[in-house]
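Below you'll find the structure, written out as structure tokens, and then a few comments.
Numbering (my numbering), first residue to last: 40 to 444.
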């Protein structure tokens with residue numbers, strides 16, 4: 040990377056870090072049951088709440104306790120259950136056109152990251168109807184409060200219930216873009232472990248690895264605070280202690296602990312940001328319509344290896360604090376054991392070590408999109424150019440090995 044552009048990136052990131060104490064971060068009010076939502080509706084004198092979810096959640100009966108409870112208390116609502124993975128700007132725009140005259144005054148998102156991202160995008164359209172969602176790409180461009188927002192995650196990974204970010208897919212341009220604004224923060228987060236009871240093991244695995252990615256990227260970055268470092272460590276420790284049990288044994292208590300791990304990871308990365316793992320995952324996911332947690336799972340250990348000695352000390356701290364290694368082991372060894380642990384989890388969860396869907400002809404554009412997202416915003420431990428990211432993509436796709444066969 041050009042030395043002058045490196046200087047620009049680090050200056051940009053330093054300014055953001057200095058601004059963190061003055062930014063209006065607030066934690067959502069935590070509730071532990073879907074049945075608490077009726078009380079929120081009554082407390083805020085809500086007239087027309089919109090429940091946003093997907094058909095899998097609805098068909099599995101996960102919403103039934105909430106819908107029955109609202110009916111019992113004579114609370115009317117509007118239900119939208121057509122959210123698909125990787126929500127698109129066009130699908131959000133379409134729903135807005137259908138409901139723009141419905142006087143929606145509350146958003147209730149019950150689902151995984153895609154559902155909560157969709158709800159955030161729809162909330163933007165409600166308060167800024169005259170602009171396309173693409174116009175809000177970047178940082179602090181919404182600047183208007185959304186309707187009362189309740190997020191209830193049905194996966195333990197995205198941390199969307201505590202973040203100021205939404206990720207939207209543009210199917211025309213085949214890429215994902217992020218919108219970051221404090222008005223996207225939910226007012227309430229409902230952490231109901233019962234919603235995870237029927238979650239398929241592969242989703243528990245990939246969303247859990249997503250939470251791990253959030254915690255690790257936030258911790259190894261250069262814009263950490265005392266709060267985010269503690270949140271990252273707490274998240275990684277919970278993931279180390281519970282993820283395998285949640286996936287393999289389908290233990291409900293372990294899933295509940297993973298909900299809290301995801302929440303802590305969200306606390307960490309909403310302030311300290313993520314890094315090239317996410318930038319590449321967004322670029323790849325937008326192109327090939329792959330699940331975000333799945334792509335993060337594969338990219339994370341490869342990118343940590345690429346960072347090399349720049350992350351040894353911090354990965355060693357995570358390894359020691361989670362009791363993965365002894366306290367007296369050297370940083371490089373501890374860091375490599377941490378990376379090996381991630382690879383081991385992927386193997387146990389039948390997550391491949393490479394993304395074979397990536398076409399060689401797409402490497403240049405994917406690298407360009409990832410670089411554009413990450414630089415200069417993400418305070419990564421080691422700055423990488425578009426050329427560097429393309430080389431990373433060759434490893435992620437196992438391109439070099441494939442060309443030798």
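Even glycine gets a Cβ: it sits at the ideal position worked out from N, Cα and C.
With a Cβ-Cβ cutoff of 8 Å, do residue 436 and residue 385 count as a contact? Between residue 436 and residue 385, the C-beta spacing is not below 8 Å.
My output table needs one value for residue 437: the three-state DSSP class, helix, strand or coil. Three-state result, residue 437: coil.
Near residue 331, which residues of its chain fall below 8 Å by C-beta distance, leaving aside the five closest residues on each side in sequence? In the same chain as residue 331, and ignoring 5 residues on each side of it, the C-beta atoms closer than 8 Å to its own belong to 125, 152, 197, 206, 249, 320, 321 and 324, in chain order.
Could you give the uninterrupted runs of the alpha helix (DSSP H) lying entirely in the segment 281 to 326, keeping only those of 4 residues or more? Under the rule that a run must span 4 or more residues, the alpha helix (DSSP H) segments found entirely inside the segment 281 to 326 read 291 to 311.
Rounded to whole angstroms, what's the CA-CA distance from residue 72 to residue 230? Just pull it up for me. Going from the Cα of residue 72 to the Cα of residue 230 covers about 7 Å.
Give me the residue from 291, 318, 286 and 278 with the minimum Cα distance to residue 303. The shortest C-alpha to C-alpha distance from residue 303 to any of 291, 318, 286 and 278 is the one to 278.
Tell me whether residue 71 sits in a helix, a strand or coil according to DSSP, three-state version. Here DSSP, grouped into helix, strand and coil, assigns residue 71 to coil.
Specify the secondary structure class of residue 127 as computed by DSSP and reduced to three states. Strand.
Any idea if residue 345 is buried or exposed, counting beta-carbon neighbours within 10 angstroms, 16 or more meaning buried? Buried.
What is the rounded straight-line gap between the Cα of residue 442 and the Cα of residue 333? Summary for residue 442: the model assigns pLDDT 46, below 50, so the residue's position carries little reliability; its value from the coordinates is reported in the next sentence. So the alpha carbons of these two residues sit roughly 24 Å apart.
Excluding five sequence neighbours on each side, which residues of the same chain lie with their C-beta closer than 6 Å to the C-beta of residue 309? Taken in chain order, the residues that qualify are 202 and 203.
Determine the contact status of residue 307 and residue 254, defining contact as a CB-CB distance below 8 Å. Contact: yes.
Excluding the 5 residues flanking residue 257 on each side, which residues of the same chain have their C-beta closer than 6 Å to its C-beta? Closer than 6 Å at the Cβ level, and outside the excluded window around residue 257, lie 267, 271, 307, 308 and 311.
Grab me the residues of residue 422's own chain with a C-beta within less than 8 Å of its C-beta, minus the 5 sequence neighbours each way, in chain order. Contacts found: 40, 45, 48, 49 and 414.
Alpha helix (DSSP H) containing residue 405: first to last residue? Element bounds for residue 405: 402 to 413.
Does the contact criterion of 3 or more C-beta pairs under 8 Å hold for the segment 101 to 117 versus the segment 53 to 68? Taking a cut-off of 8 Å on C-beta distances, the segment 101 to 117 does not touch the segment 53 to 68, as fewer than three cross pairs fall below it.
Would you kindly report the start and end of the unbroken beta strand (DSSP E) that includes residue 118? First-last of the beta strand (DSSP E) with residue 118: 117 to 119.
Please state the DSSP three-state secondary structure of residue 199. Under the three-state reduction of DSSP, residue 199 is assigned to helix.
Hey, residue 232 and residue 298 are a contact pair by Cβ (cut 8 Å); roughly how many whole angstroms apart? Correct: roughly 6 Å between the Cβ atoms.
Keeping to the same chain, check which residues put their C-beta closer than 7 Å to that of residue 183; ignore five residues upstream and five downstream. If we look at residue 183 and ignore the five residues flanking it on each side, its Cβ neighbours are 166, 167 and 222.
Measuring straight from C-alpha to C-alpha, what distance separates residue 244 and residue 339? One C-alpha to the other measures close to 14 Å.
Alpha carbons only, please: which of 105, 95 and 209 is nearest the one belonging to residue 132? Ranking 105, 95 and 209 by Cα distance to residue 132 puts 209 first.
Since residue 247 and residue 195 should fall inside the 8 Å C-beta cutoff, what is the C-beta to C-beta distance between them, to a whole number of angstroms? The distance from the Cβ of residue 247 to that of residue 195 is about 6 Å, consistent with a contact at the 8 Å cut-off.
Measure from the alpha carbon of residue 284 to the alpha carbon of each residue in 177, 328 and 388, then state which is nearest. Per the Cα distances, 388.
Exposed or buried, which one is residue 296 when buried takes at least 16 other CB atoms within 10 Å? Buried, since its Cβ has 16 or more Cβ neighbours within 10 Å.
Using the DSSP secondary-structure output, state which residues sit across from residue 187 in a beta bridge. Beta-bridge pairing links residue 187 to 145.
Look up residue 175 in the DSSP assignment and give the residues it is bridged to. Answer is none; residue 175 lacks a bridge partner.
Can the beta-carbon of residue 412 be found less than 8 Å from the beta-carbon of residue 318? Cβ distance < 8 Å, so residue 412 and residue 318 count as in contact.
Since residue 204 is in the beta strand (DSSP E), which residue starts that stretch and which ends it? According to the DSSP assignment, residue 204 belongs to the beta strand (DSSP E) that extends over 204 to 209.
Buried versus exposed, by CB contacts within 10 Å (16 or more), residue 163: Counting Cβ neighbours within 10 Å, residue 163 comes out buried, since at least 16 surround it.
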